[in-house]
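In this note's numbering, the protein residues as written are 21 to 383. Cβ atoms here follow ideal geometry from the backbone N, Cα and C, with glycine treated the same way. What follows is a single structure, written as structure tokens, with notes after it.
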Amino acid sequence: MNNNYQVLARKYRPHTFKELVGQVHTVKTLINALDANSLHHGFLFTGTRGVGKTTIARIFAKSINCESGVSSIPCGKCSTCIEIDSGQSVDLIELDAASHTGVDNMRDILENAQYMPTKNRYKIYLIDEVHMLSKSSFNALLKTLEEPPEHIKFLLATTDPGKLPITVLSRCLQFNLQKLTDKEILGQLKYIMKAESLDYEEDALSQIASFGEGSMRDALSLLDQSISYGKGSVLVKDIKAMLGLVSHDDIIELATHLFDQEPQKVIKFIRKLSHRGDNLTNALHDLSSLFHTISIAKTISSDTIDKRITKLSSQISNQDLQIFYQMSINGTKDMPLAPSEQIGLEMTLLRMLAFRSDSAPVN
Ligand SMILES: [Zn+2]
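Given below as structure tokens:
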């Protein structure tokens, strides 16, 4: 890595619909509309953070303002395409309502919509987190949306469409972007690691992908962190240390003490994890996952099941597994309210021990 290290999310931001990961349905609809040049004046992209709302909006902006004509494949070479990619297009007005709420000049900017574009075919307003616009800005937006001049396109993005007035919703084509799957994120992480010629373990990238919880942006910033932590390589042991993840073996050991009904060992073990600085909220999350694995092992027999899982599954009834699972999920929910992570985890596991319905497994 050199000194001009550029964050991965920016360096690998997709510049064409083809490079975009996921959002197949939205992209297909947009491509069809662009290639038929039948364009609505208002588009609303909804979805959680880091799923590609503004990225799609920027590609769309290039598609309609590219100097070689409206199409789903902007040239990427004309001055307009280059200006949009570098955030310097005069006719693409990007506003972030989250950081400008109540600022009067946003209303002025929206009221200027009636003026013609400076250089391009369309004057495009890309408004992120549009639900956070101030009331006066909303009114200015609505006024234009109600009778949009030919030269105007609105690209609105929000994580919270429920907060948008129906008057805005009804005047826009709405696209609900999905969270990305772990597989989609993993594919992009691998692509980037190869492009950067950096070493990685596939399991480490899988862990990062799953930690992203559907957000490419979050996964990429975690990848940035782990590349710098691992001095250029991404390894499982580094990810675990960096995130304070509890190893699978430790989760199995914790479950073993729990199923053996050994409260002292359970507490001692939790304190060991806590002393080591492990992430105990995550440990509880992984324990819920283990209860699910054991339940499935009891339901569907298979030769490929880990022997330790088979042993654990013989020690507990389906009924208790259900109760433990429910308690671990509730314990995770309550974790932010617990005086500390350690107390939260200890009380959750003690609750499981207190409420276990039987000592011998009944199937
Ligand atoms: Zn172009």
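Let me see if you follow: with CB-CB separation under 8 Å, is residue i close to chain B or not?
i	result
residue 157	This model lacks chain B altogether; it includes just one protein chain.
For the beta strand (DSSP E) that contains residue i, what are its first and last residues?
i	result
residue 132	Taken as a continuous stretch (DSSP letters only), residue 132 belongs to no beta strand (DSSP E), as it is neither H nor E.
residue 82	It is not in any beta strand (DSSP E) - residue 82 instead sits in the alpha helix (DSSP H) that spans 73-85.
residue 26	Unbroken run through residue 26: none, as it is neither H nor E.
residue 287	Not the beta strand (DSSP E): residue 287 falls in the alpha helix (DSSP H), residues 283-295.
residue 65	62-66
residue 174	172-178
Could you tell me if the beta carbon of residue i falls within a distance shorter than 7 Å of some heavy atom in ligand 1?
i	result
residue 88	yes
residue 192	no
residue 96	yes
residue 100	yes
For residue i, which three-state DSSP category applies?
i	result
residue 44	helix
residue 195	strand
residue 53	helix
residue 382	For residue 382, the pLDDT reaches just 46, beneath the cut-off of 50, and the residue's location in the model is therefore unreliable, although a value from the coordinates is still provided. Of the three classes helix, strand and coil, the one that applies to residue 382 here is coil, per DSSP.
residue 147	strand
residue 114	strand
residue 270	helix
residue 211	helix
residue 220	strand
residue 34	coil
Taking its Cβ as the centre, do 16 or more other Cβ atoms sit within 10 Å of residue i, making it buried, or is it exposed?
i	result
residue 187	exposed
residue 43	buried
residue 312	exposed
residue 357	exposed
residue 254	buried
residue 345	buried
residue 195	buried
residue 82	buried
residue 350	exposed
Nearest to residue i by CA position, among the options, is which residue?
i	options	result
residue 70	237, 290, 273	237
residue 197	67, 348, 356	67
residue 271	293, 105, 113, 253	293
residue 74	376, 36, 97, 100	36
residue 31	305, 244, 296	244
residue 308	297, 342, 132, 185	342
residue 301	261, 348, 323, 277	348
residue 189	100, 64, 369	64
residue 86	77, 76, 98	98
residue 274	322, 310, 193, 374	310
residue 278	100, 58, 375	375
residue 227	203, 218, 248, 249	203
Check for me: the alpha helix (DSSP H) holding residue i runs from which residue to which?
i	result
residue 375	361-375
residue 187	186-189
residue 351	338-354
residue 306	300-319
residue 256	256-263
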